[in-house]
Amino acid sequence: MSRFCKLLPLFLFGLLPALTFAQEKFTISGTVKDARNGETMVGTNVFIDELKKGTTTNLYGFYSLTVPAGTYTLKVSFLGYATYEKQVELKADMRLDIPLGAAVIEQQEVVVTGERKDKNVSDNRMSVVEIPIAQIKELPVLAGEVDIIKTLTLMPGVQSGGEGNTGLYVRGGGPDQNLILLDEAVVYNASHLFGFLSVFNADAIKSVELTKGGIPAQYGGRLASVVDIAMKDGNDKQYEVEGGIGLVSSRLTVQGPIKKEKASFLLSGRGAYAGLLVPYFIPEESNFQGTKYGFYDLNAKVNWTVNDKNRLFLSGYFGRDVFGFANKESGFSLNIPWGNATATLRWNHIIGPKMFVNTSFIFSDYDFSFEGGQAEFDLKLYSGIRDFNVKTDFNWLPDPRHNVKFGANYVYHIFTPSNAEARTGDTQLDLGDVTRYYGHEAAIYIQDDFDVTDKLRINGGLRASMFSHVGPFERYVKNEFDQIEDTIKYGPADNVVTYPRLEPRLSVRYLLGKHNSIKASYTMNYQYIHLATISSIALPTDTWMPSTDLIPPTEGHQWAVGYFHNFFDNMLETSVEGYYKIMSNLVEYKQGVIPGDNIRNNPDQNLTVGDGTSYGAEFFIRKNGKKLNGWIGYTLSWTDRTFPELNFGNTFPATYDRRHDLSVVAMYNISKRVSVSAVFVYATGNAITLPVARYFIDGAIVNEYSDRNSYRMGDYHRLDLGCTIHPNPKKTKRFKSTWNISIYNVYSRQNPYFYYFDTDVDATTQQVSIKAKQVSLFPIIPSVTWNFKF
Amino acid sequence: MEFQILNMRKILSLMVLIALFVSCEKEITIEVPDSARQIVFEGYVENGTFPYVIITRSSGYFDPISTQVSALAEVIVRGADVYVTVDGTEYKLDQICLADLPDSLQGLAYQFLGIPVGAPIPPNLDLCVYLSFNPALTGQVGKRYDLRAVVEGNEYTATTRIPELVNLDSLWFKVEPPSDSLGFIWATLTDPDTVGNSYRLATKRLNEDARFLAGRGNVSNDRLFNGQKVQFGFGREVEFFSTSDTIEDEIGKFKVGDTVIVKFTTIELPVYRFWQTCGQATAGGANPFGSPILVESNIQGGARGVWGGYGATFDTLIVLPQ
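Just so you know, the sequences run in chain order A and B.
Okay, so the first sequence: first residue is 597 according to the numbering used here, each after it adds one.
Okay, so the second sequence: first residue is 13 according to the numbering used here, each after it adds one.
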C-alpha cells in the first residue's frame, strides 16, 4: 500500500509533462522555391518523418503544418530535386522558407513526373491530368510546334476535335465547357490558325493541370473541365534567355531579376511566318493570290516580393491572328482578324502561419471580326466578350487533417454577340443597332479536404453561384410566326433575369493499400455563358452568349468512380475510371438562322436548348523511368444530344461522339545526346449530316438531308515521330542548344477534314452524277526546330 | 555555330518543298439508305387563275440525274386524290395527264410544265398534274385555300392564303459593263407598313420563255425594309430543261430587244420560308462550313414541298438600247 502511494506521485509527475505537451500545438509554415531561379514550387511534399504527417504546397508554394511541439526532421521533396532535410525544434509558431536545389544527376533534363511518386494513388482528387512541361516540350504536335492543349488530348477522356481544331472535348462536353485559365484569367478562344495550334507558348508556362471530373468547389462556371495554366514567375536570381526557330513559328523568352531575389520579370513572344503554312490547306487547282496568314503571342509578367508576408504579381497575355484571303477571279475577298487579351494583378498575403489568401483583379477580352466582300457587296460580322473580374481565395490549414479553402468571385461580362454591317453598292443596309448583353456572375464557395482516417479522405464542398442579365437591353417578344408582338425596354442596370444556384461537390478517396486506392466523386455545376457554333468545324464565327430570360443556365451532373494502382515502386501507374454525365439546357443554333441579323431580332432568339448524356470508361497506363517514359490511354465513350427543335426532337449523336479514342506515347532516352519520341493516335470519325435525297421544285433540284449526325466520317489515325539532339550534353558553357526533328503523320494518312459534293455532267447522255469527295488537311510534314537557352 | 545554322536553312527549305507536293483530296463512296423516298407537293393558287398541284417523289442523292425531260416523268406520282377547300366547300381536282390531252393542247401543256419549245420529248412521256377549272376555285385575293391529298393511302394537308396585292413603283433596265446589250432589270417598291410582307418575283420573256420563271433566289421579306421604299435588281432565271439557252454570256441576263413581263407576287410568311430555305438548299451543294438546311415545307403529314397562295401583279418592260 505504501509502495503504491509512493509510486503514484512519481507516476503523476511523469504524466504531467506529456499532458502539457499534448495540448500545445504549433505551426510551421512558409514558401518552397526553386533554389536556382526563385520559382515557387507547386505540389511539393513537406513531410515530418517522426509523425508520418505531411502536406503539399498550394498553387503559390505555400505550406502549413500544425503539430504538437517537439523536435522533428522536416523532409521536403519533389521529383527532379534534391530532397531537403532539416532538423527543427518546434517550440513556437515558426516560419521556414525552403529553397530546393536541383538533383545532381548524370543526364540532361530529367523528364519524369514532377510530383510525389504515388500521387495518383494518394491524392484524393480524381480525374486530374498533369503532364510536366518538360514532357510536353518533347512531343511536337504539328510541324515541329509544341502545344500544351493538343498534348492534353493524348490523355484518356480528353479528345481533340480532329485536325484543324484545338477545341478540347472532355468526357462528351463541348469546347465551350472548359474553363481555361492563364494565371487565373479566362481565355475565351484558346486557338490560333483556325484551331491548329493553341495560344499558349510553352516557354512561358510553369505548369498545366486539367481536371475532368470531381471538380472542387473553388472552380465554377464551366461544365466539363478546368484547365489551370500557370505562367512562370521569372528567374529572380539571374538573366535567362531561351527561344527557338521552327518551320511555323519562332519564339523568344527573356526573364531575369529586377532586384535580385526581390523582384523579377518574364517576357515571352512567339510569331508565325505569314503565309508559310497557307499552302498546306488550299487545294492545288485554286488561284488564290493575296492570301496571308500570321499570328503572334506575347506573355509578360512582373512579380515583386514586398516582404515575407506579401507578394504581388502582374501578368498579361496579348495575341492576335490575322487571316486574309482573296480570289481575284470571282472578286471575292475575306479578312478575319481575331485575338485575346488578358491582364491579371494578384496579391498573395500570408495572414498567419495557418492561413494564406490570394486576391486577384482580372481583365479578359476576346474579339473577332469577319470582313468579306464580293464585287459590290461587303459584309462585316463581329463579336466579342469582355470580362472584369475580382476574386479572393483563402486557404486555411487548421491541422494536418484539414485543408480548407473558401472564397468569393465576381465577374462583370459585356457580350457582343454577332453584329453585322452590310453594304451593297452605295446602300448601307440597316441590320439593327449594335447589340450588347451585360451580365453579372458571382459565386462564394467553401470546401474541405478532410483526412477522416489514414485511409479515407473526403473533399466536400459547396458553391453558391448566380448570374444576372441586366440592361440596357431591348427584348422583342415574338409570336409563332416570328413577328414582333411587343418590345420591352430595360434601362441600364435594370434586372432582366437572375439565376441563383447551388452546386454541391464531393469526392472520396479510400486507400486500399500502400499502392492502390479507389476514388469516387459527384459534381453538380452550372454554366452561365454559352458558345453557339454554326458548323461542325471550329470557326471564329462561334459566338459567346450569356444566359437570358429565354436561355437558362446549362446544368450538369457528373458521377465518376475509379480504381488506381501503382506497381514496381511507382514506376508503373495504372488507373481505370468510369463516368456518367447528364447535361441540360445545352445551346445550339436553330436550323437555317443567319447570325448577325439583328433587325428586330435578339441574337438569343436564334438559339434553341436541349439535353445531353455522356458516359464512358477510361483506361490509363503510365511508365516513368530513366530511359523509357510514356503512356497508353484508351477511352470508350458515348455522347448524345436531344433537342426538341432539332432533328424532329429525336436523340442524335453529338458531333464529337467518338466511340474509341486511343493514344500511345513513348519517349526514349537513347543516350545523353539523343532521345526519341513516338505518338500514335486513333479515333472513331466525327458524326455528320449528309444529303440523302433530292427532289424537283419548280424545275430545280432541292437537296434533302439525313437525320442529324447519322453518318460517320472515316476514322482518324496517325503516327508522329520525333528526335531531340543535344549536341554537347556535357558542355558546361552557358549557351545550350538542341535540335528537334519531327515527322508528323509518318504514313501520310489522308484523315478526313470535311466532305463535299462535286457535280459531274456527262455531255452525251445529259446525265449529272454527284460524287462525294473528302478533303484532308495534313499529309506527312517533316520539320526541324532549333532551340537555344542561355 | 554558323555552320549549323546554314545547314538548318537548307534542310528547312527542302522540307517545305517536299510538303508542298502532296495532294489532299480524294473521292469516297457513301452508302445511302433506300428509305429516303418522300412525296413532294408543288401546289399553286394564284389570283385570277385556276389552282394546280404537281406531285412527285424524291430520289436518292447519288442516283444519277438526267437533265432530260424523262427524269421528271420518272418521279411524277399518279393516281392520287387531291381536294381544295375554299369558303367552306371542298372540291376535287381532276388528274390531267399528257396522254389524255388532244394533240392541239399537248404543246401548251408542255410549255406549262416547263418543257421549252423545241426540246426533245421522249415517246410515251406521261406527265400528270392535278387542277380544276371550276370557277369557284379561281384564286381570289384575301381568301384561304386548304389542300387535302390522299397519296398511296396516306393523307397530307396544307393551308394557304392569297395576300393583298402590292404593286412595284417602277421598273427599268440597266446594262452591265463591259457589255452594251446585256444587263439586269431594276425595280423600286414601297413596302406597306404591316410587318411580315413577303414577295416572290418571276419574269417571262415574250416569245422566248414558255412560262414565268422565278428561280429560288427571288423571294424577299420586309424584315430589313418594313414600310420603306427600297430598290433592287434581278437577273433572268434559266429553265432547267432548256436546250436553247446556250450562249454563256447571256445566261442570267436580259438582252436589248427582249420584252419582259414581270410578275410580282405577294406571299404569306410560311410560303416565303419555304422558298427561302429552298433557295439555300439548292445553292452550292453541301457546304461543309455551314449547317445543313432543312427546307421548311408547309405540308402536314410527312411530305415535302409547298402549297402556296400568290397575289400577282404584272408589268411589262421592253428592253431598249441605251
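Note that the Cβ used here is the ideal one computed from N, Cα and C, for glycine as well.
Check                                                                                                                                      : Outcome
Check whether A:Ala-554 and A:Thr-1235 have beta carbons under 8 angstroms apart                                                           : Outside the modelled stretch of chain A, which goes from 597 to 1386, sits residue 554 of chain A, for which no answer is possible.
Contact list for B:Thr-41 against chain A, beta-carbon separation under 8 angstroms                                                        : Ala-1368
CB contact check: A:Asp-1294 to chain B, cutoff 8 angstroms                                                                                : yes
Three-state class that DSSP yields for A:Arg-1314 in the structure shown                                                                   : strand
CA-to-CA distance, A:Met-690 to A:Val-628, given in whole angstroms                                                                        : 14 angstroms
Sequence-distant residues of its chain with Cβ nearer than 8 angstroms to A:Lys-1074 (five each side left out)                             : Ile-1080, Glu-1081 and Gln-1201
The segment 1351-1365 of chain A: positions lying closer than 9 angstroms to chain B by Cβ                                                 : Tyr-1351, Tyr-1352, Phe-1353, Asp-1354, Thr-1355, Val-1357, Asp-1358, Thr-1361, Gln-1362, Gln-1363, Val-1364 and Ser-1365
Residue(s) in a DSSP beta bridge with A:Arg-866                                                                                            : A:Arg-847 and A:Asp-893
Identified DSSP bridge partners for A:Trp-1335                                                                                             : A:Ile-1321 and A:Trp-1382
Within 7 angstroms of chain B by C-beta, residues of the segment 1278-1294 of chain A in sequence order                                    : Thr-1285, Leu-1286, Pro-1287, Val-1288, Ala-1289, Arg-1290, Tyr-1291, Phe-1292, Ile-1293 and Asp-1294
Best match in A:Ala-1368, A:Phe-1353 and A:Pro-1378 for proximity to A:Thr-1343 [C-alpha to C-alpha]                                       : With the sequence shown as reference, residue 1343 of chain A is identified as Tyr, and Thr is not the correct amino acid for it. Ranking the options by Cα distance to A:Tyr-1343, first place goes to A:Pro-1378.
Where the alpha helix (DSSP H) containing B:Leu-139 begins and where it ends                                                               : First-last for B:Leu-139: undefined, no H or E at that position.
Residues of the segment 64-80 of chain B with Cβ closer than 9 angstroms to any Cβ of chain A, in chain order                              : Ile-66, Thr-68, Arg-69, Ser-70, Ser-71, Gly-72, Tyr-73, Phe-74, Asp-75, Pro-76, Ile-77, Ser-78, Thr-79 and Gln-80
Continuous alpha helix (DSSP H) stretch holding A:Ala-730: start and end                                                                   : 729-732
Length of the line joining the Cα atoms of B:Thr-215 and B:Arg-223                                                                         : 8 angstroms
Sub-8 angstroms separation of B:Phe-62 and B:Phe-145 beta-carbons                                                                          : yes
Secondary structure, alpha helix (DSSP H): runs of 4+ residues fully inside the segment 214-297 of chain B                                 : 281-294
Counterpart residues of B:Leu-194 in DSSP-defined beta bridges                                                                             : B:Lys-267
Bridge partners - A:Thr-1355, DSSP secondary structure assignment                                                                          : A:Ile-1366
Test item: CB-CB of A:Leu-1395 and A:Met-637 under 8 angstroms                                                                             : Past the boundaries of the shown model lies residue 1395 of chain A; chain A is included only from 597 to 1386, so the question cannot be answered.
Reduced DSSP category for A:Phe-1244 - H, G, I as helix; E, B as strand; rest coil                                                         : helix
Euclidean distance between Cα positions of B:Val-65 and B:Leu-281                                                                          : 20 angstroms
Between the CA atoms of A:Ala-859 and A:Gly-1158 - distance to the nearest angstrom                                                        : 43 angstroms
Pairwise C-alpha distance: B:Tyr-73 and A:Tyr-1307                                                                                         : 14 angstroms
Touching by the beta-carbon criterion (3+ pairs, under 8 angstroms), the segment 1315-1333 of chain A and the segment 1271-1283 of chain A : yes
Chain-ordered chain A contacts of B:Ala-226 [CB-CB under 9 angstroms]                                                                      : Asp-1294
Rounded C-alpha distance that separates A:Val-1288 from B:Cys-109                                                                          : 30 angstroms
Of the residues A:Ser-673, A:Val-1093 and A:Thr-662, the one placed nearest A:Met-951, counting alpha carbons only                         : A:Thr-662
Interface flag, B:Val-331 vs chain A, CB-CB below 8 angstroms                                                                              : no
6 angstroms Cβ shell around A:Asp-1138 - same chain, five flanking residues per side excluded                                              : Leu-1127 and Thr-1129
Residue range of the beta strand (DSSP E) that includes A:Thr-1209                                                                         : 1203-1219
Range covered by the beta strand (DSSP E) that runs through A:Leu-748                                                                      : From DSSP, A:Leu-748 is part of no beta strand (DSSP E) but of the alpha helix (DSSP H) over 744-748.
Own chain, CB closer than 8 angstroms to A:Val-742, minus 5 neighbours either side, in chain order                                         : Ile-732, Lys-733, Leu-735, Pro-736 and Ala-798
Entirely enclosed beta strand (DSSP E) segments - the segment 1050-1134 of chain A, minimum 3 residues                                     : 1052-1066, 1069-1074, 1080-1086, 1091-1107, 1112-1123 and 1125-1128
Own chain residues within Cβ distance below 6 angstroms of A:Leu-1146, not counting five before or after                                   : Asp-1200
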